[in-house]
Amino acid sequence: MRSFSPAARTVLLTASLLLASLSFAATAAAQEKVPEKAPTPEVVEEKPDKEGNHLHVHSAFALRAIPIGTQLALDAGYHIKLFDSESLLLKNTYVELGAATNSSPSNFWGGAYVEAVPLAVLKLRLQAQSLHYFGTFGYLHYPDDPTNPDWSTDVIGGDPGEGNPASGLLLDATAQLQAKVGNVVAMVPFKYRYIDMDVEQDYYESTFDFLLAPTDQMWMIQPMLAYVFTFDDSWLLTGLRWEHAETIETDLSRDMPTLLGMWKLPGMLAGGEMKLVGLGGYWFSHPNREGTIYLASQFAVDWKY
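Just so we're aligned: the sequence shown equals residues -25 to -1, 1 to 280 in mature numbering (1 follows the signal peptide of the UniProt record, and there is no 0).
Pasting the structure below:
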């Protein structure tokens, strides 16, 4: 496996220093009272976890502008609380095991996951899924010229009947460092993906947004710094995220700064908590979309039973 590029090492070092400084500040503030309605995802703590163990269902519908796409993710797992503690490092720790699916007009992914927060500053997730592409809407896309592959937005996508069917396997591992000091939140997810497809040539698939070899690997880091505004029955997180991603076999990389917003909507939907996410980015570097914008949105609901 090749070593990280200079750009990747710079991003990694900066993110690590940021988390180290915030973690130190969080430790120093351990005796301070946490706001009654402090917001979250995980580290942006909303309210005490549901009493005891429970079933957790998460649904998220996402839209993306370039390349155009839509996806529905649905996870259902059993949530096991680890520690009944108010300490800084053990609060809201858990293990969750369940089934994970992703579906779109061109594919269906199905499999299992295990997610754990053994310490409040660390979130881990391992997921394995079987991938199935229907051969619709231009996916999978095989470049016409393998020696000079074209997977620009001018050629990807297509009519409902166009595309190449295929199946494969995805192994996905994430380790996320996270910290919150006052209303300032920092998260640094490190992601690794192993993708094995039953194809005989390089291909493009819009979820990974890379030209991939039949068996390939990806890694990604997404450091984020944000601020949380709290309201009576909701909260709003706004921040900046930097994404750096690389492939191993096809030797490609990309970088994108992104402005993001996450709004925990007031009220409930059939007993579930609603969140609306918006992303606006700029491809600082990309194999074929450098200098273009990225726009995406997501509506998510979490139910606990």
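Where is the CB? At the ideal position from N, CA and C, for every residue including glycine.
Nothing here was measured: the structure is a model prediction, and the numbers come from that model.
Buried or exposed by the 16-neighbour rule on C-beta atoms within 10 Å, applied to A3: Here the question's residue 3 lines up with position 28 in the sequence shown. With a pLDDT of only 33 at A3, under 50, the local geometry of the prediction cannot be trusted, and the value read off the model is given with reservation. Label assigned to A3: exposed.
Nearest-angstrom Cα separation, counted from H116 out to W126: The residue you call residue 126 lines up with position 151 of the sequence shown. The residue you call residue 116 lines up with position 141 of the sequence shown. Approximately 8 Å between the Cα atoms of the pair.
Assigned secondary structure, T222 (DSSP; H/G/I helix, E/B strand, else coil): Translated into positions along the sequence shown, residue 222 becomes position 247. It is a strand residue.
Cutoff 7 Å; reference A201; Cβ partners in own chain excluding five residues on either side: By 1-based counting over the sequence shown, the position of residue 201 is 226. These residues qualify, in order along the chain: V160, L212, T213, G214.
N- and C-terminal bounds of the beta strand (DSSP E) containing Q192: If you number the sequence shown from 1, residue 192 lands on position 217. Looking at the DSSP string, the run of the beta strand (DSSP E) that includes Q192 is 190 to 196.
Secondary structure, beta strand (DSSP E): runs of 3+ residues fully inside the segment 149 to 220: 159 to 172, 178 to 180, 185 to 187, 190 to 196, 199 to 205
Cβ neighbour criterion (16 or more within 10 Å) applied to residue 281: Absent from the structure is residue 281, since the part of the chain shown begins at -25 and ends at 280.
Inter-stretch contact (C-beta, 8 Å, three-pair minimum) for the segment 185 to 198 and the segment 235 to 243: no
Beta-carbon proximity list for M172, same chain, < 6 Å, skipping 5 on both sides: Here residue 172 refers to the residue found at position 197 when the sequence shown is read from its first residue. If we look at M172 and ignore the five residues flanking it on each side, its Cβ neighbours are A141, G143, P189.
Expected contact under 8 Å - CB spacing of L47 and S78 to nearest Å: Counted from its first residue, the sequence shown places residue 47 at position 72. Counted from its first residue, the sequence shown places residue 78 at position 103. Yes, L47 and S78 are in contact; Cβ-Cβ is about 5 Å, under 8 Å.
G246 (DSSP reduced to helix, strand or coil): Along the sequence shown, one-based indexing puts residue 246 at 271. Residue state, collapsed to three classes: coil.
Assigned secondary structure, S127 (DSSP; H/G/I helix, E/B strand, else coil): Taking the first residue of the sequence shown as position 1, residue 127 is located at position 152. S127 falls in the coil class under three-state DSSP.
Exposure label - A196; buried when at least 16 CB within 10 Å: Against the sequence shown, residue 196 aligns to sequence position 221. Rather than Ala, the amino acid found at residue 196 in this sequence is Ile. It is buried - the Cβ of I196 has at least 16 other Cβ atoms within 10 Å.
Three-way DSSP call (helix, strand, coil) for K66 in this model: Translated into the one-based positions of the sequence shown, residue 66 becomes position 91. K66: coil per DSSP, three-state reduction.
Cβ-based neighbour list, H29, same chain, cut-off 7 Å, excluding 5 preceding and 5 following: Reading the sequence shown from its first residue, position 54 is the one you call residue 29. Excluding sequence neighbours, H29 sits near H54, K279, Y280.
Three-way DSSP call (helix, strand, coil) for H96 in this model: Within the sequence shown, numbered from 1, the residue matching residue 96 stands at position 121. Residue identity differs from the one stated: residue 96 is Val in this sequence, not His. Three-state DSSP puts V96 in coil, outside helix and strand.
Within 8 Å, strictly: CB atoms of V203 and G247: For the purposes of this step, residue 203 is taken as residue 228 along the sequence shown, with counting starting at 1. For the purposes of this step, residue 247 is taken as residue 272 along the sequence shown, with counting starting at 1. No, the pair does not count as a contact, with Cβ atoms beyond the cut-off.
Distance between L186 and I131 (C-alpha atoms, nearest Å): Counted from its first residue, the sequence shown places residue 131 at position 156. Counted from its first residue, the sequence shown places residue 186 at position 211. About 11 Å.
Alpha-carbon to alpha-carbon, I223 and V252: Walking along the sequence shown from the start, residue 252 turns up at place 277. Walking along the sequence shown from the start, residue 223 turns up at place 248. The alpha-carbon atoms of V252 and I223 are separated by roughly 30 Å.
Same chain, Cβ closer than 6 Å to L99, neighbours up to 5 away in sequence not counted: For this step, residue 99 is matched to residue 124 along the sequence shown. Within the same chain, L99 has close Cβ partners A91, A150.
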